[in-house]
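Per the working numbering, residue 150 is the first one in the sequence shown, and the count goes up by one each step. Glycine included, each C-beta is placed from N, C-alpha and C at the ideal position. Structure first, then comments.
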Amino acid sequence: MALTFYMDVHIPAAVTDDLRRNGIDVLTGQEDQTRTADDEDLLDRATLLGRLLFTCDEDFLTIAAAWQHSGKQFAGIIFAAQMGMSVGQTIADIQLFAEVCSPDEVADQVIYLPLK
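What follows is the structure, given as structure tokens:
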């Protein structure tokens, strides 16, 4: 089963649009009407939908650590720091994960971008 993604509201539309052009299944928080959801609810929603959450919000690192410690499961998080990554590199890194990883391999994990 291929990875599918849930984009936090702070992710630029250019990233989402290019991923879709490349055949990646992406849902945005805006499309899912979760623009004002708190972070834990957003991670719960992404997990319920079986989607890996892509974010640049550092609060999710704290949430993920707490959930990992308590054993609460989540679909996985891809985290990119807000500075230092081009749109092109972001797309390439996410596409690589989509092509080579399964949902089981990324579940309950935080993946940091950039990969290089």
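Our two residues, A224 and F209, have alpha carbons roughly 13 Å apart in a direct line. Nearest Cα to S235 within the set V164, D157, Y155: V164. When only Cα atoms are considered, L201 and L264 end up about 17 Å apart. Our two residues, A241 and H218, have alpha carbons roughly 31 Å apart in a direct line.
For N171, the closest C-alpha among the options A214, V255, Q244, T185 is that of Q244. Secondary structure at I227: strand, using DSSP grouped into helix, strand and coil. Rounded to the nearest angstrom, the Cβ distance from I212 to E189 is 6 Å, consistent with a contact under 8 Å. Taking the Cα of D174 as reference, the smallest distance to any Cα among Y155, L197, D187 is reached at Y155.
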